[in-house]
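Presented below is the structure to which this report refers.
In our numbering, the protein residues as written are 42 to 198.
Listed below in structure tokens is the structure:
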């Protein structure tokens, strides 16, 4: 079966630099995604320094701990993450590449195109139709939380 791929687009009412800063701040996800309904419970950066290509992190999710790394970073337009999940024996179960591509809009807002790619392995490939629905829901919830995080900030100002 082919990988699961799709795109979601949102317009965020904030300048591109602010949106990019929020997406690249790995531990900042704990604030804006908290209580949003995603699988993410907590995330933490596991390598030192400012986020760059090769920066590592661990997501604590409702499905367990999932390691990952930044694979592409072109400020303030692109960030792509890569994460993977393995069985206890070390066999790959899934790999994912969530990426964000940002473009400034005329009104000072930012268009965020979120490209998601998920590859299931082994017996998990049989669940591709279900995984597609789950992945789309998860990524849509993430994009909605990102958008809402700026709306909350504007309402508080």
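Where is the CB? At the ideal position from N, CA and C, for every residue including glycine.
Only a predicted model underlies this, so the values are computations on that prediction, with no experimental measurement involved.
Straight-line CA distance for residue 164 to residue 113? Near 30 Å, if we compare the C-alpha coordinates of residue 113 and residue 164.
In terms of alpha-carbon separation, which member of 130, 103 and 145 lies closest to residue 55? Here the closest residue by C-alpha is 145.
Helix, strand or coil for residue 52, going by three-state DSSP, please let me know. Secondary structure at residue 52: strand, using DSSP grouped into helix, strand and coil.
Hey, how far is the Cα of residue 71 from the Cα of residue 120? Between residue 71 and residue 120, the C-alpha separation is close to 18 Å.
Exposed or buried, residue 118, counting other C-beta atoms within 10 Å across all chains shown (16 or more means buried)? Exposed: under 16 other Cβ atoms inside 10 Å.
At 3 residues or longer, and completely inside the segment 92-145: list those beta strand (DSSP E) runs for me, N to C. Assignment of beta strand (DSSP E) within the segment 92-145, counting only whole runs of 3 or more residues, yields 97-102, 105-115, 119-127 and 133-145 in chain order.
Run of the beta strand (DSSP E) containing residue 157, from where it starts to where it stops: Note, residue 157: beta strand (DSSP E), 151-161.
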